[in-house]
């Protein structure tokens, strides 16, 4: 069944079909930043699959600096909610008056409902990879972790699961509250679960906050 | 043909099939950081497709801060190669003696052969998104650009194209040499083209530099 989906060339290298590429584009289009989750349990098998998809991402020097923390205990969840509430209050204060109410209504966090929550860290001190590629751009380790998150996001959506990336948080406080190594920095706090609904337009576009912009303006030539 | 590939639910939301998920995993497994490129021209249609895939990535506050610079002129390419050579010399000096020669042999850059080269920047000053989600984590804009790069990478591999991400570069010097806005920071310098060969094992694993590590050690519970 798999073999029919793509032809094999030398060394078993897969050749992806136009149908697969089209479906991949559909996946890109329907991948959403989900804020409203069903409280339905997510099978552990699926959680393991999406973490595996993340860990097959590229990383600088093959350093694989991603570290996944499953946030499940009542105490840890409470700490994250409190962190969000404080950061959100600051964010509200920083917004222009006319955006404020709108902003508050965006229901930015699925922190209370999402059955699976993952704090994804970067181990800034890992020796793996022997420092290759991080001399002039040490941020490459964190960027590798973002690559992992993006793959997890796509793998999740392909399974009918949604991910919401919450960034209205104090990252250092999360690291302290979750008692991880001092060398780890928070890259992403992710909510994972079945979305209340599926839609193709971004949540913020639906809410009238911001629309997508034209692509050609974003491409320069040198 | 497309309709047969996935079932539709309410609101035309796609349901992805087990066969698609399996092929997506194959894509994750066979996506490589490519260093050796054929000099064969890449059709502009494909370049446009992979940039579109990048631009369908998630972004903080829907700020879409990605900016793509096609680096094609002789002068711009020369500047990038000189930048790499200087950064690489520093990197070599910083490596332990026993790793040095190995390091030098890794042929880290496809900078001379790759027919398409893209400098991908983050516009740190964009007003789009009205600052949503970047109060406590301003790096979220750069992380959004990394998400775009990851989607481009997958879209490219699905078309038989390879991408190599070169990070042995002085990012500020690239921005100066390419004469982009002072508000733009380099996130990724990408080489794009047809790879000399396809393989499932990472280039650095093949070269004996670094192997992938076991995943379970990377998952904690709190």
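Residue numbers (the working numbering), protein chains in the order written: chain S, 7 to 228; chain Z, 7 to 228.
Backbone N, C-alpha and C define an ideal beta-carbon position, used for all residues, glycine too.
Where residue 221 of chain Z is concerned, there is no enclosing alpha helix (DSSP H), because DSSP gives it neither an H nor an E. Fewer than three Cβ pairs drawn from the segment 83 to 103 of chain Z and the segment 160 to 169 of chain Z lie within less than 8 Å of each other, which leaves the two stretches out of contact. Along the length of the segment 124 to 195 of chain S, whole alpha helix (DSSP H) runs at least 4 residues long occupy 146 to 163, 177 to 183, reported in chain order. With fewer than three CB-CB distances shorter than 8 Å, the segment 23 to 39 of chain S does not count as touching the segment 182 to 191 of chain S. Within the segment 25 to 104 of chain S, the complete alpha helix (DSSP H) segments at least 4 residues long are 50 to 61, 80 to 100, listed from N- to C-terminus.
Per DSSP, the beta-bridge partners of residue 227 of chain S are Z:76. Not a single CB atom of chain Z sits nearer than 8 Å to the CB of residue 197 of chain S. Along the segment 133 to 150 of chain S, going in chain order, the ones with a CB nearer than 9 Å to a CB of chain Z are 134, 135, 136, 137, 138, 139, 140, 141, 142, 143, 145, 146, 148, 149, 150. In this structure, the beta-carbon distance from residue 127 of chain Z to residue 73 of chain Z falls below 8 Å. Check the Cα spacing between residue 119 of chain S and each of S:198, S:53, S:165: the tightest is with S:198.
Using a 10 angstroms sphere on the CB of residue 35 of chain Z, the tally of other CB atoms stays under 16, which defines it as exposed. Residue state for residue 210 of chain Z is assigned as helix, using DSSP reduced to three classes. A straight-line Cα-Cα distance of about 48 Å links residue 100 of chain S and residue 23 of chain S. The alpha-carbon separation between residue 185 of chain S and residue 148 of chain Z amounts to approximately 26 Å.
Non-local C-beta neighbours of residue 48 of chain S in its own chain, meaning closer than 8 Å and more than five positions away in sequence, comprise 121, 122, 167, 198, 199, 200, ordered along the chain. When S:75, S:61, S:76 are compared, the shortest CA-CA separation from residue 69 of chain S is found for S:61. For residue 25 of chain Z, there are no CB contacts under 6 Å within the same chain when 5 residues up- and downstream are skipped. For residue 77 of chain S, the C-beta contacts it makes with chain Z under 7 Å involve 228, in order along the chain.
Straight across, the Cα-Cα distance linking residue 21 of chain S with residue 205 of chain S is about 30 Å. As the crow flies, the alpha-carbon of residue 98 of chain S is around 33 Å from that of residue 33 of chain S.
The C-beta distance from residue 152 of chain Z to residue 193 of chain Z rounds to 6 Å, short enough to fall under 8 Å.
Within 10 angstroms of the beta-carbon of residue 96 of chain S lie fewer than 16 other beta-carbons, which makes it exposed. Straight-line measurement puts the Cα of residue 196 of chain S at about 12 Å from the Cα of residue 57 of chain S. Residue-level contact check: residue 224 of chain S touches chain Z, since one or more beta carbons of chain Z fall below 8 Å from its beta carbon. Residue 39 of chain Z and residue 102 of chain S have their C-alpha atoms spaced approximately 43 Å apart. Counting of Cβ neighbours within 10 angstroms places residue 178 of chain S among the exposed residues, the total staying below 16.
Looking at S:83, S:227, S:134, S:212, the one whose alpha-carbon comes closest to that of residue 220 of chain Z is S:134. By the neighbour-count definition (other C-beta atoms within 10 Å, threshold 16), residue 202 of chain Z is an exposed residue.
Between residue 227 of chain Z and residue 76 of chain S, the CB-CB gap stays under 8 Å.
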